[in-house]
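Chains as they are written, first to last, in this note's numbering: chain A, 92 to 399; chain B, 333 to 660.
Cβ atoms here follow ideal geometry from the backbone N, Cα and C, with glycine treated the same way.
Being a predicted model, the structure only gives us computed values, none of them experimental.
The block underneath contains the structure these notes are about, expressed in structure tokens.
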């Protein structure tokens, strides 16, 4: 048995004194209430179609019959014009991976520059980026879409030509990169600023240039912050509907799962057997990521909101 | 069937792999150029390479579009002629849009308050509880679920069976029927349907509030707490006069963060009711105006109204950040 440090022992004592069985009981009840909706989705998705529509999901415990047919149907059998969920699952992956890698890379670069390069206007840029965090996506949607479709022409001069990328993943990647940047730069900047000045200065004295210093010192040190943001951005992109909907340009071959799922609910053409299985397929990946890496996710959240 | 599936996926997979490789190659090349350049060149190159891409993207992809949307909000539906404040007049005088604004207000008031209050209560109750990890994980879990997924989950909870001969398969109506109460279509009857939608977001955001506030409570020193206890302060008293004042800052952060998120709520309304039955909110109406009616003027005006709603919160947060920096 390990002995407790004095602080931990005090904390444990405090726990014993203050913990109230009633409060704990209420907390447990709330936790159960909070879990029932998701749990009912999971149970329903593994019941046979006939059971789902004739009896409540809670009867499963009296009369358990399990069937994976719903999953097979939703994943691999398309419905007329719509491809099966498996394709949307792939799209979600294909949308998410670059939409996490691109912004985090550019953000580490920018955060490094803002934290360690001395130049005029540095604070102004940093505060502007911080403020940009809260610009609603809605404020940029239409012009950004037009930019992808028609390029940027002011008067007679073409600043950005029409790119011809509409209907591919590329606009979705770029949009997610842009929208992810402000928060990423802000979080990483806060982290990178905590690198001891001596470390950076020692590197300068040793003749390391700004580029080798980045790869040799800054990057290895910022791995925990990067990990937090990766989870953050992953959950955000995977769960996003608005960006996928607008920048996917209605193309079924690039739309992520959320878009398809929303469509399935909206049309009401799909029964609960398909909806619940489809919804579970779409939430299972973030749930795994969440439970496996909860610690890092919480750390990221805390860094993002509680400062000082 | 799987054959044709692969046929759509293959070119997409190719694009994915090529893009990732190309991105890595460009970054590698930039670094190679940067680190080989002479010291004098490096002084300039480092700005271009490290700061340039992010700033360029933010400028072209965020600042320019935002300004253009503001401009478009003063133009007609095709952005061809200037019409002054007409789009804003439309937004504030048409009855349907007033319902939209009213609903958005309801969301912005109730979601932050309820989530924060419940989150605070759970954080306090589990603060000194043994094995609180499981309880917190379960309440935190909805944060990982997409809004669309949450909408499916709750649509099922709210499910309504019109025929009295068939069994209710939705949990709430089954309970209502079991208790002999009248069953109802939760998403159909205003104004209560908006509140049933609000519950979905509260369900998601409570975990966020709990995690942040719970972390803040961990910083309340035990001796302060013990002293209060020796003084005979009741549990409620300890909460209001010890815990709450010490975590005030975090409570404000949680409230503002959730408020900003709630203002932009879109997925839940769109998925569960499509904005029908008087449940519409600004973000959904903005989408409908811009992408269904193709009225860019009115859509832009709604986006700007949304932004104006966020401005005071940005201002407050920037001020807080500046204060913190000067304190350090």
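Query: Just reading off the alpha helix (DSSP H) that residue 350 of chain A is part of, what are its end residues?; Result: 348-358
Query: Could you tell me the boundaries of the alpha helix (DSSP H) in which residue 533 of chain B lies?; Result: 524-550
Query: Pick helix, strand or coil for residue 407 of chain B, following the three-state DSSP scheme.; Result: strand
Query: Of all the options A:217, A:302, A:181 and A:242, which has the alpha carbon lying nearest to the alpha carbon of residue 342 of chain B?; Result: A:181
Query: Below 8 angstroms on C-beta distance, what does residue 379 of chain B contact in chain A?; Result: 204, 208 and 210
Query: Quick one, are the C-beta atoms of residue 614 of chain B and residue 587 of chain B less than 8 angstroms apart?; Result: no
Query: Report the partner residues of residue 173 of chain A according to the DSSP bridge assignment.; Result: A:170
Query: Let me know if residue 200 of chain A comes out buried or exposed under the rule of 16 or more other beta-carbons within 10 Å of its beta-carbon.; Result: buried
Query: According to DSSP, simplified to helix, strand and coil, what is residue 588 of chain B?; Result: helix
Query: Roughly how many whole angstroms lie between the Cα atoms of residue 202 of chain A and residue 654 of chain B?; Result: 18 angstroms
Query: Measuring only the C-alpha atoms, how far is residue 637 of chain B from residue 233 of chain A?; Result: 15 angstroms
Query: Can you give me the C-alpha to C-alpha distance between residue 166 of chain A and residue 478 of chain B, rounded to a whole angstrom?; Result: 19 angstroms
Query: In the DSSP assignment, the beta strand (DSSP E) including residue 248 of chain A goes from what residue to what residue?; Result: 248-251
Query: Taking DSSP as the reference, what is the three-state secondary structure of residue 245 of chain A?; Result: strand
Query: Report the option in A:122, A:174 and A:236 whose CA atom is closest to the CA atom of residue 676 of chain B.; Result: This structure cannot settle anything about residue 676 of chain B, because the visible part of chain B is limited to 333 through 660.
Query: Looking at the C-beta of residue 535 of chain B, does it have a partner C-beta in chain A at a distance below 8 angstroms?; Result: yes
Query: For residue 92 of chain A, which three-state DSSP category applies?; Result: Reliability fails at residue 92 of chain A, whose pLDDT of 41 lies under 50, so the model's placement of it is uncertain and the value that follows must be treated cautiously. Note: residue 92 of chain A maps to coil in three-state DSSP.
Query: Does any residue of chain A have a CB that is nearer than 8 angstroms to the CB of residue 489 of chain B?; Result: yes
Query: Report yes if the C-beta of residue 594 of chain B is less than 7 angstroms from at least one heavy atom of the ligand ZN; otherwise report no.; Result: Only the bare structure without any ligand can be found here, which leaves the ligand ZN out of the picture.
Query: Are the C-beta atoms of residue 147 of chain A and some chain B residue less than 8 angstroms apart?; Result: yes
Query: Shorter than 8 angstroms from the beta carbon of residue 342 of chain A to some beta carbon of chain B?; Result: no
Query: Could you please tell me which residues of the region 254-284 of chain A, in chain order, have their CB closer than 8 angstroms to any CB of chain B?; Result: 259, 260, 261, 264, 265, 266, 268, 269, 270, 272, 273 and 276
Query: If you reduce the DSSP assignment to three classes, tell me which class residue 398 of chain A lands in.; Result: Unreliable positioning characterises residue 398 of chain A in this predicted model, as indicated by a pLDDT of 40, which lies under 50. The coordinate reading is nonetheless provided below. Reduced to three states, the DSSP call for residue 398 of chain A is coil.
Query: For residue 339 of chain A, tell me which candidate among A:188, A:128, A:382 and A:258 has the shortest Cα-Cα distance.; Result: A:258
Query: Return the CA-CA distance between residue 508 of chain B and residue 514 of chain B, expressed in angstroms with no decimal places.; Result: 6 angstroms
Query: Taking 6 angstroms as the limit between beta carbons, can you name the residues of its chain near residue 324 of chain A, skipping five residues before and five after?; Result: 191 and 271
Query: Return the first residue and the last residue of the alpha helix (DSSP H) that residue 456 of chain B is part of.; Result: 427-459
Query: Buried or exposed: which applies to residue 316 of chain A, given that a residue is buried once 16 or more other Cβ atoms fall within 10 Å of its Cβ?; Result: buried
Query: Using Cβ-Cβ distances below 8 angstroms, what residues of the region 165-193 of chain A are close to chain B?; Result: 167, 168, 169, 174, 175, 177, 178, 181, 182, 185, 188, 189, 192 and 193
Query: Would a C-beta distance cut-off of 8 angstroms place residue 533 of chain B and residue 525 of chain B closer than the cut-off?; Result: no
Query: Output the residue ranges of the alpha helix (DSSP H) runs that lie fully inside the region 345-398 of chain B and measure 4 residues or longer, sorted by chain position.; Result: 371-378 and 384-390
Query: When the cut-off is 8 angstroms and only beta carbons count, does residue 422 of chain B lie next to chain A?; Result: no
Query: Comparing C-alpha positions only, which one of A:171, A:378, A:145 and A:386 sits nearest to residue 493 of chain B?; Result: A:145
Query: Excluding the 5 residues preceding and the 5 following residue 381 of chain B in the sequence, name in chain order all residues of the same chain whose CB lies nearer than 7 angstroms to its CB.; Result: 362 and 366
Query: Classify residue 500 of chain B: buried if its beta carbon has 16 or more other beta carbons within 10 angstroms, exposed otherwise.; Result: buried
Query: For a contact defined as C-beta to C-beta under 8 angstroms, what are the partners of residue 374 of chain B on chain A?; Result: 300, 301 and 302
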